[in-house]
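Undergrad:
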Amino acid sequence: MANITYRDAVGKALQDSMREESRLIIIGQNLTGHALKSLAETYGAERVRDCSISESAMVGIAVGAAMKGMKVVVMIAYADIASVCHMAIVQSAAKLHYLSNGRLNCPVIIRLPIARFRGHGPEGNEVGVSWFYNVPDLNIAMPGSANEAYWSFREALKRPTPTLFFEDRSIHNRLGEIAAENPVAKAQVTRSGDRLTIIAAGRTAALAEDAADEFAREGQSARIEVVSLGLIKPLDQETVLQSASKTGRVLIVQDEPPYGGYALYLRSLLDNLPSGRLKVAPRIIHGAEQFLPYYDETSFLPSLANVVAAAKELIQIT
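Given below as structure tokens:
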């Protein structure tokens, strides 16, 4: 397929899913006004439903619909607002399949856009992955490319348990191709290299690819291997360990502060490698331990310069 933006890949996944899944409905705010006007015109209010401003109610409706055999996409305005409906996500959506002993499924996608770099400040910049990371039966997708965005979305609707779909608006216009077949059952090795593995997800996976490209421009195209997680829960341990074993050096990049997210889990996972397989201890680049201000958000998050500098330092260690 020709190049498509990350944003349009999510839109295509939604359109294709609505066409193929007659029991799929969308719930959100002002959907018929502008966000999903074309889908609302095609499928009507029965399948594209505007709701009042109550995220907990929206998730509750989704769980009830799932109990009746429906599939549901819940459109939340910002990832931060997941805190408002935290109880509904954890106590209702995540536990439905388990509490019913598998008799009831919850194929629900909760879209959680991350709104950084738009001047939203502390109220609109949080990622929130770590808020949910230890909830069983709650899947977490954080696509870093158009391909991952499309196929992660399509795959989520097949699961009997809900998926939080974190999409970073800062990479909405990033171009990529959608593969003809679903490749996202595993993490993706988006750049191949032999000296250092960079592991990341979402925006930071795009950063890692940009870092690999910078090395290539410097004539070191075989140095950096990039593993884009795509799904960070469940996480593809096999691909991560294979790549780390291959290069012997690992840099993990996440936007969240140091106490949460996937970075610490990944570093503990790397402890399972045989002694001597890693040439140097894994390193983590993470977001600052503070709320992001209304200005200069980039100073408090991993940057391309941060990633390139850390990569060069790790490669030089013998």
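Count the sequence shown with our numbering and you get residues -15 to 302, in order. Idealized CB from N, CA, C, for every residue including glycine.
Closest by CA to L254, which one among P241, P277, S229?
TA: Minimum Cα distance to L254 is reached at S229.
Undergrad: Here's a check: name, in chain order, each residue in its chain whose Cβ is nearer than 6 Å to the Cβ of N290, leaving out the five neighbours to either side.
TA: Same-chain partners within the cutoff: I269.
Undergrad: Can you tell me whether DSSP reads I(-12) as helix, strand or coil?
TA: Looking at I(-12) - three-state DSSP - the assignment turns out to be strand.
Undergrad: Assuming A78 and I(-12) make a contact with CB atoms under 8 Å, what is their CB distance in whole Å?
TA: Contact flag wrong, Cβ pair sits at about 32 Å.
Undergrad: Whole angstroms is fine: what's the gap from F36's alpha carbon to G44's?
TA: Strictly speaking, residue 36 in this sequence is Ser, with Phe absent from that position. Taking the straight line from one Cα to the other gives about 13 Å.
Undergrad: By how many angstroms is the C-alpha of Y(-10) removed from the C-alpha of R306?
TA: This structure gives no information on residue 306, because the portion of the chain shown stretches from -15 to 302.
Undergrad: What does the alpha-carbon distance come out to for the pair L(-2) and G232?
TA: One C-alpha to the other measures close to 39 Å.
Undergrad: Helix or strand or just coil, what does DSSP make of R267?
TA: Looking at R267 - three-state DSSP - the assignment turns out to be strand.
Undergrad: To the nearest angstrom, report how far apart A355 and G28 are at their CA atoms.
TA: A query on residue 355 cannot be resolved here, the shown segment of the chain reaching from -15 to 302 and no further.
Undergrad: May I ask you to report which of helix, strand or coil DSSP gives K55?
TA: K55: strand per DSSP, three-state reduction.
Undergrad: Under a three-way DSSP split, which group does Q226 fall into?
TA: Helix at Q226.
Undergrad: Just reading off the alpha helix (DSSP H) that D64 is part of, what are its end residues?
TA: D64 -> no alpha helix (DSSP H), and no H or E assigned at all.
Undergrad: Would you mind working out which of Q226, G244, L248 sits nearest I236, comparing C-alpha positions?
TA: Closest option to I236, Cα to Cα, is L248.
Undergrad: When you compare each of F149, R95, A163, T174 to S227 by their alpha carbons, which one comes out closest?
TA: Closest by alpha carbon: T174.
Undergrad: Could you tell me if K21 is buried or exposed, where buried requires 16 or more neighbouring beta carbons within 10 angstroms of its beta carbon?
TA: Classification of K21: exposed, given that the 10 Å Cβ count is below 16.
Undergrad: Does the count of Cβ pairs from the stretch 108 to 124 and the stretch 66 to 73 closer than 8 Å reach three?
TA: Judged by Cβ distances under 8 Å, the stretch 108 to 124 makes contact with the stretch 66 to 73, as three or more pairs qualify.
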